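Colleague: Quick one: structure below, then a few questions.
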Amino acid sequence: MKFKHSFHVFVDNFSVTYKHLLYRLVVMIIATGLYIAVLHSCVNGITDSAQFTGLIDAVKAFAKNFINGRQPALEEAVNNIKDSFAAVMDLISSKRTSITWCAVGAFLIFLVQKFFSGLGNYATAAVINDKMALRAKSPFIITLVRNLREASLYSLMYTPISVIYDLTFYIGLFFLVFKALFFVYLPLQLFLYVTLMVMAISFKMVLTSDWLPALIRGKMGSGKAFLYTFNRKNKNTFNIFSNFIVLVIIIFALNVMGVVFTFGAAALLTVPSSYVILVCFEFVNYYDREELKYFLDKNTIIKPEKEKAPTREEFFRGE
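Following numbering that gives the first Met the number 0, the numbering of the sequence shown begins with 0 at its first residue and continues without gaps.
Okay, here's the thing in structure tokens:
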């Protein structure tokens, strides 16, 4: 039922997808400009060099000889590519300090971008919660500004945890699959890497799935919500994990098809929709477990078998 209810909530809140998309596009455009500003000098220092030009010329010569079927010239072209590539690597080694600082700058921009993306995720979750709990159509930007303090605390805590987790697992899986299992055929290596990556993503979502609902619907403080989301007592972890695996596989497939079959055009819709449907599932799971009633749409209310009586504070807040 969680899948069914999550889909209904997603459809009922579909307009949030466009607001989330617009917000992410603004963040991405600003971040891209900063990336270009930071990396411009490093990239130009390499691409404008004689060594890089020689490598490009060597590759062009190889392609020309290959197309024209000049077998004797191919061996010389391959040697030229090797020599030119070695020269480029020597150039990169000589610029190691400046490249390191550029990489550090790009990584800091990435962290800031993740932080602002976290603010957007919080605002999206708050808008969806208002619709589920009260049928309120909350404006995205006003909701973001109104909850800026809470959203900032959430993003400041979530961003480093997410980045460390992702780097640890993705790099670790890469070395495990492609280095430790070097004797395995490449198609099987790709299968193992994608499968393990899906499981790693799903596991992270299981651990953090209650964070936003606890903050927004549960009205918990940042520290209490953080501890609550990692506490797995009575949360049916395996069932939620299996649900997230299915969701991640579906999202991955839809995004890949959107990129391949529409040359990336569909990704403008599928990528933000992915975030929205995951938030919908998190809140449906939270509402069901906490036995709270919520709206699927304007005509349908999901009520628990034993509805909790609202506290005095919840009553006067209209919850």
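Glycine included, C-beta positions come from ideal geometry on N, C-alpha and C.
These numbers were taken from a predicted model, which means no experiment stands behind them.
For I127, which residues from the same chain have a beta carbon less than 8 Å from its beta carbon, with the 5 sequence-adjacent residues on both sides left out?
Modeller: On the sequence shown, position 128 is the one that residue 127 refers to. Contacts found: V8, N12, V15, V275, V278, C279 and F282.
Colleague: Is it buried or exposed for V87, if we count other Cβ within 10 angstroms and need 16 for buried?
Modeller: Here residue 87 refers to the residue found at position 88 of the sequence shown. Buried, because 16 or more other Cβ atoms sit within 10 Å of the Cβ of V87.
Colleague: Should Y157 and D209 be called a contact, given that it needs their Cβ atoms to be closer than 8 Å?
Modeller: Position 158 of the sequence shown holds residue 157. Position 210 of the sequence shown holds residue 209. It is not a contact, given that the beta carbons lie outside the stated cut-off.
Colleague: Have a look at the DSSP bridge pairing and note the partners of Y192.
Modeller: Taking the sequence shown and counting its residues from 1, one reaches residue 192 at position 193. DSSP lists no partner for Y192.
Colleague: Tell me, which residues are paired with Y293 by DSSP?
Modeller: As a first step, residue 293 is located in the sequence shown; it is residue number 294 there, counting from the start. Paired residue(s): I301.
Colleague: According to DSSP, is Y157 helix, strand or coil?
Modeller: Taking the sequence shown and counting its residues from 1, one reaches residue 157 at position 158. Residue state, collapsed to three classes: helix.
Colleague: Look up A265 in the DSSP assignment and say whether it is helix, strand or coil.
Modeller: Here residue 265 is taken as the residue at index 266 of the sequence shown, counted from 1. Three-state DSSP puts A265 in coil, outside helix and strand.
Colleague: Assign V183 to one of three DSSP states: helix, strand, or coil.
Modeller: The residue labelled residue 183 in the question sits at position 184 within the sequence shown. V183: coil per DSSP, three-state reduction.
Colleague: Leaving aside the five residues before and after W100 along the sequence, list all residues of the same chain whose C-beta is less than 8 Å from its C-beta, in chain order.
Modeller: Numbered from 1 along the sequence shown, position 101 holds the residue referred to as residue 100. So the list is empty, once near-sequence residues are dropped.
Colleague: Beta-carbon separation of V258 and A266 under 8 Å?
Modeller: Counted from its first residue, the sequence shown places residue 258 at position 259. Counted from its first residue, the sequence shown places residue 266 at position 267. Yes. Within cutoff.
Colleague: Quick one: grab the DSSP three-state call for S273.
Modeller: Locating residue 273 in the sequence shown gives position 274, counting from the first residue. Three-state DSSP puts S273 in a helix.
Colleague: Does any residue of chain E bring its CB to less than 8 Å from the CB of S40?
Modeller: Here chain E cannot be found, since the structure has a single protein chain.
Colleague: Could you check the C-alpha separation between F177 and Q188 for me, to the nearest Å?
Modeller: Position 178 of the sequence shown, counted from the first residue, corresponds to residue 177. Position 189 of the sequence shown, counted from the first residue, corresponds to residue 188. Approximately 7 Å, taken between the alpha carbons.
Colleague: What does the alpha-carbon distance come out to for the pair F139 and A122?
Modeller: Translated into the one-based positions of the sequence shown, residue 139 becomes position 140. Translated into the one-based positions of the sequence shown, residue 122 becomes position 123. For F139 and A122, the distance between alpha carbons rounds to 6 Å.
Colleague: May I have the straight-line CA-CA distance separating L155 from I200, to the nearest angstrom?
Modeller: Walking along the sequence shown from the start, residue 155 turns up at place 156. Walking along the sequence shown from the start, residue 200 turns up at place 201. Rounded to the nearest angstrom, the two C-alpha atoms are 20 Å apart.
Colleague: Let me know if S272 comes out buried or exposed under the rule of 16 or more other beta-carbons within 10 Å of its beta-carbon.
Modeller: Position 273 of the sequence shown, counted from the first residue, corresponds to residue 272. Buried: at least 16 other Cβ atoms inside 10 Å.
Colleague: Assuming P212 is part of the alpha helix (DSSP H), what are its boundary residues?
Modeller: For this step, residue 212 is matched to residue 213 along the sequence shown. From DSSP, the alpha helix (DSSP H) with P212 extends over W210 to I215.
Colleague: Are the beta-carbon atoms of Y228 and T207 separated by less than 8 Å?
Modeller: The residue labelled residue 228 in the question sits at position 229 within the sequence shown. The residue labelled residue 207 in the question sits at position 208 within the sequence shown. According to the sequence shown, residue 228 is Thr rather than Tyr. Their beta carbons are under 8 Å apart, which means T228 touches T207 by this criterion.
Colleague: With DSSP run on the structure shown, which of helix, strand or coil describes D47?
Modeller: What you label residue 47 is simply residue 48 of the sequence shown in a count that begins at 1. D47 falls in the coil class under three-state DSSP.
Colleague: Counting along the chain, where does the alpha helix (DSSP H) carrying F237 start and finish?
Modeller: By one-based count along the sequence shown, residue 237 stands at place 238. From DSSP, the alpha helix (DSSP H) with F237 extends over T236 to F260.
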